[in-house]
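Undergrad: Here's a structure for you.
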Amino acid sequence: MLKYKKYLLILIILFQAFNNKETKAKDFLCEKILNENTSSLIALESILAKNLQDKNLKLNTQNKFDIKNSAIAVCNHNIKSLFGSQIIDEIKLNAGDRVLLVKQTNKIQNGLWIVQDLEWIRPGDFMSGNSAINALISITSGSINSGSLWLCTNKNPNSIIDTNNLNFTKLFFTEVQNPAVQDYQEKEDIKNNVIEINQAAIDENLEFILPEEDSIITKAGGAVTTATDFASPDYIVKTTGATTVTSTNITIDSSNNISGVNTLQLEGGSSSIPSLFFSGNTTSGIYSPSAGKINISSLGNELATFGTTGTTISSGNSLTVNSPATFGATATFNNAAVFNGTTNTLNGTTNLSGTTNISGTTTVTSGTITLSGTTNMTGQTNISGPLSSTSTTNFSGPLNVTGATTLRDTLTATGINANTLNVTGASNLNSSLNVAGTTTFATGTVTTPSLTFNGSTSSGIYSPTTDQVAVSAQGAQRMLFASGSISIPTGNVLAIPSGSAASPSLTFASDTNTGIYNSAADEITLVSNGAKRVEVSNNYTTLNNGLNLNSIPSMLGNGTTTYNFDTNKNTNNLYINIQGASYPYSITLTPDSTALGRVIFIRNSSAGIINLTAASGVLNPTTISIPGCTIAGTYNGLILFNNGTTMYLVGKSW
Numbered sequence: 035m036l037k038y039k040k041y042l043l044i045l046i047i048l049f050q051a052f053n054n055k056e057t058k059a060k061d062f063l064c065e066k067i068l069n070e071n072t073s074s075l076i077a078l079e080s081i082l083a084k085n086l087q088d089k090n091l092k093l094n095t096q097n098k099f100d101i102k103n104s105a106i107a108v109c110n111h112n113i114k115s116l117f118g119s120q121i122i123d124e125i126k127l128n129a130g131d132r133v134l135l136v137k138q139t140n141k142i143q144n145g146l147w148i149v150q151d152l153e154w155i156r157p158g159d160f161m162s163g164n165s166a167i168n169a170l171i172s173i174t175s176g177s178i179n180s181g182s183l184w185l186c187t188n189k190n191p192n193s194i195i196d197t198n199n200l201n202f203t204k205l206f207f208t209e210v211q212n213p214a215v216q217d218y219q220e221k222e223d224i225k226n227n228v229i230e231i232n233q234a235a236i237d238e239n240l241e242f243i244l245p246e247e248d249s250i251i252t253k254a255g256g257a258v259t260t261a262t263d264f265a266s267p268d269y270i271v272k273t274t275g276a277t278t279v280t281s282t283n284i285t286i287d288s289s290n291n292i293s294g295v296n297t298l299q300l301e302g303g304s305s306s307i308p309s310l311f312f313s314g315n316t317t318s319g320i321y322s323p324s325a326g327k328i329n330i331s332s333l334g335n336e337l338a339t340f341g342t343t344g345t346t347i348s349s350g351n352s353l354t355v356n357s358p359a360t361f362g363a364t365a366t367f368n369n370a371a372v373f374n375g376t377t378n379t380l381n382g383t384t385n386l387s388g389t390t391n392i393s394g395t396t397t398v399t400s401g402t403i404t405l406s407g408t409t410n411m412t413g414q415t416n417i418s419g420p421l422s423s424t425s426t427t428n429f430s431g432p433l434n435v436t437g438a439t440t441l442r443d444t445l446t447a448t449g450i451n452a453n454t455l456n457v458t459g460a461s462n463l464n465s466s467l468n469v470a471g472t473t474t475f476a477t478g479t480v481t482t483p484s485l486t487f488n489g490s491t492s493s494g495i496y497s498p499t500t501d502q503v504a505v506s507a508q509g510a511q512r513m514l515f516a517s518g519s520i521s522i523p524t525g526n527v528l529a530i531p532s533g534s535a536a537s538p539s540l541t542f543a544s545d546t547n548t549g550i551y552n553s554a555a556d557e558i559t560l561v562s563n564g565a566k567r568v569e570v571s572n573n574y575t576t577l578n579n580g581l582n583l584n585s586i587p588s589m590l591g592n593g594t595t596t597y598n599f600d601t602n603k604n605t606n607n608l609y610i611n612i613q614g615a616s617y618p619y620s621i622t623l624t625p626d627s628t629a630l631g632r633v634i635f636i637r638n639s640s641a642g643i644i645n646l647t648a649a650s651g652v653l654n655p656t657t658i659s660i661p662g663c664t665i666a667g668t669y670n671g672l673i674l675f676n677n678g679t680t681m682y683l684v685g686k687s688w
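Following the working numbering, the numbering of the sequence shown begins with 35 at its first residue and continues without gaps.
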């Protein structure tokens, strides 16, 4: 193989020599190479001729190669930006370097370029508007394509640079097996920088291979080794049976052209040496650590494990999903997970124990979702099964739960719609809370109530014992609701608005204009039908309506009690019905100068004796005794007259 690589090197030297600006130097170099390598060229020509005859290849016998100046590297994948310095085939390109592009998505961009600090430009031998037909470029560097030759396969008139889609194919040689050297006839003509090569024949083991047609090696099965079957990176291996790769490395061409492989068996590999890796990054790829598992590694570190029990994102790594994600079975996230698309859990359980950020709509149709790590959900969340949160959970979008919702740690949400809500930890609600079923909170304490508020965590609602609900403020109980009672602890005040006659402060559900209100400072007013009826102040009680008594009022008291009957009107009379608690019963009357001419009617409706005594002996007579009644339905009484200083007996009935 090394021997015949020399032939290829000779051709490359010839091609480059033809582009030398100095004609004498070019002629000298060509003559020197031809003179010193005549025997080699004879062998090469003979081999080429024999191969084409055997394979009956339909090639033009006078292909003309338009040899271009060589390029440092060739890029056989798409480059998004033809701008500035880049690394291609492990070669760092700098301003002024020539590079060949052969796999651009926009094929008009294919061909030679000169790297610039800003936008790349076309070189002088590959100018825009010129034809690229039969352009042949050699590559001088690169980990994969160093020493390769690339040919433009376009035909006229569709070969204009920067106008037509340009196609390039890679030319290379395979190992020669027992070449037969025939007589040599020189058929090369050198003129105008064009080599005309007679390709009348090519040996079957020394081929110009075009990947689109002739680079497929067919294997009937059995072992495939890189030493023989993958001698070039762009070979395509076609197998009809199970294939075992016995070498540690396999390289697939840039178009991923593998066909007809029933079984491709690789070594298990490890995270640092994966079984399937990529050019220029041998520590990143796919491997199998054990039976039933497939792992992905990056730079020697495990990223994820795919197995029969599910998919695991390795510790210290995050999962980012930018499109809708659907989990049909149990899904567990122990580390950071980011979902930028819609997340649907169809029937399984979802356990999020790491930091989880979900920006799309999350829908759990029948499974359970458990949040044990920090969870941030910015989209709408719909959960038809139970929701359990044991760590900080932030819902910046609506949360709709049709099953039981259990919160054991901090919850922040803009709105919650749930059937059952159980809260044992701190929860922050920034919007409405709609619970169709039961809402359950921890019992809490007077200093740490179960239901509290932002900025005032020692004030809220808690349950001091069974069947009791209490309200606390600043860590102290202010109101207690118990079975059959509402109480306000000593030292606390129930403050209500002053109200009005039309809208009293204390009223009744079925009669809102009847009740009690505060009509003025130090006054309480009873109203009915929106009108004042009784006013109670520091000095008096005012009846704004008549006092309608269904029976004669009785005044019961002891000897030390003073009763003051004052209407502030000297035209009114006073009628008193007296029943003593014990007999004889004594009453002392005091004249009142503010009620001159007052007539007082006094009667004794009891069976005992009532003694009337005037203060300072002003009563005339001084003491009068009213005997009790002995006949049912009758009473004894008298009439007194007040002149301001003396109480006079006007008349009596006994």
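Using N, Cα and C, we set each Cβ at its ideal position, and we do this for glycine too.
#1: What residue range does the beta strand (DSSP E) around D545 cover?
#2: How would you label I195, buried or exposed, when you count the other beta carbons within 10 angstroms and need 16 or more for buried?
#3: Tell me whether L152 counts as near the ligand GTP, meaning its Cβ is closer than 6 Å to at least one heavy atom of that ligand.
#4: Around the Cβ of W184, are there at least 16 other Cβ atoms within 10 angstroms (buried) or fewer (exposed)?
#5: Could you pull out every residue in the same chain whose Cβ sits closer than 6 Å to the Cβ of G303, ignoring the five residues on either side in sequence?
#6: Do you know whose CA, among K141, W147, I125, Q120, lies nearest K102's CA?
#7: Which residues in the same chain as L514 place their Cβ atom closer than 6 Å to its Cβ, once the five residues preceding and following it in sequence are excluded?
#8: List the endpoints of the continuous beta strand (DSSP E) containing T440.
#9: Less than 7 Å between the C-beta atoms of D131 and I178, yes or no?
#10: Identify, in the order they occur along the chain, each residue of the same chain with its Cβ nearer than 8 Å to the Cβ of K189, setting aside the five sequence neighbours on each side.
#11: Does the distance from the C-beta atom of A107 to that of S175 stay below 7 Å?
#12: For G437, does the count of other Cβ atoms within 10 angstroms reach 16, so buried, or fall short, so exposed?
#13: Under the assumption that S640 contacts G671 (Cβ atoms under 8 Å), give the Cβ distance between them as a whole number of angstroms.
#14: Would DSSP call K566 helix, strand or coil?
#15: Can you list, in chain order, the residues of its chain whose CB lies under 6 Å from that of Q502, leaving out five sequence neighbours each side?
#16: So, helix, strand or coil for Q508, using DSSP?
#17: Sorted by chain position, which residues of the same chain lie with C-beta nearer than 6 Å to W688's C-beta, five sequence neighbours on each side aside?
#18: Fully enclosed by the region 124-196, which beta strand (DSSP E) runs are 3 residues long or longer?
#19: Could you tell me the distance, in whole angstroms, from the CA atom of S532 to the CA atom of L421?
#20: Return the bridge partner residues of V556 from the DSSP annotation.
#21: If you count every other CB in all the chains shown that lies within 10 Å of the CB of M681, and 16 or more means buried, which is it?
#22: Note down, in chain order, each residue of its chain lying with its Cβ closer than 6 Å to the Cβ of L455, except the 5 sequence neighbours on either side.
#23: Rounding to the nearest angstrom, what Cα-Cα distance links V570 and T576 in this structure?
#24: State the DSSP-derived secondary structure class of Y574, mapped to helix, strand or coil.
#25: Assuming P625 contacts G678 under a Cβ cut-off of 8 Å, what Cβ separation, rounded to an integer in Å, is found between them?
#26: Could you tell me the alpha carbon to alpha carbon distance between Y574 and I530, rounded to whole angstroms?
#27: What is the DSSP secondary structure of A107, counted as helix, strand or coil?
#28: Is it buried or exposed, G413, if we count other Cβ atoms within 10 angstroms and call 16 or more buried?
#29: Spatial neighbours of G341 within its chain, please: CB distance less than 8 Å, with the 5 preceding and 5 following residues excluded, ordered by chain position.
#30: Since Y321 is in the beta strand (DSSP E), which residue starts that stretch and which ends it?
#31: For N488, which residues does DSSP report across the bridge?
#32: Would you please state the rounded distance, in angstroms, between the beta carbons of S659 and N645? I believe it to be under 8 Å.
#33: DSSP state of G671, grouped into three classes?
#34: If you follow the beta strand (DSSP E) that T446 is in, where does it begin and where does it stop?
#35: Near V684, which residues of its chain fall below 6 Å by C-beta distance, leaving aside the five closest residues on each side in sequence?
#36: Return the chain-ordered list of same chain residues with a C-beta closer than 6 Å to the C-beta of G163, the five sequence neighbours on each side being excluded.
TA: In this structure, then:
#1: 545-551
#2: buried
#3: Here there are no bound small molecules, and the ligand GTP is not part of this structure.
#4: buried
#5: S309, Y321
#6: W147
#7: A504, S521
#8: 433-441
#9: no
#10: I167
#11: yes
#12: buried
#13: The pair is not a contact, with the Cβ atoms about 12 Å apart (cut-off 8 Å).
#14: strand
#15: A516
#16: coil
#17: P661, N670
#18: 132-135, 145-148, 169-172, 183-186
#19: 47 Å
#20: For clarity, residue 556 is Asp in the given sequence; the question names Val instead. D556 pairs with nothing; no bridge assigned.
#21: buried
#22: T439, V469, T473
#23: 6 Å
#24: coil
#25: 6 Å
#26: 24 Å
#27: strand
#28: buried
#29: G326, K327, I328
#30: 315-321
#31: BP columns for N488 are empty, so no partner.
#32: 5 Å
#33: strand
#34: 445-447
#35: I673, F675
#36: none
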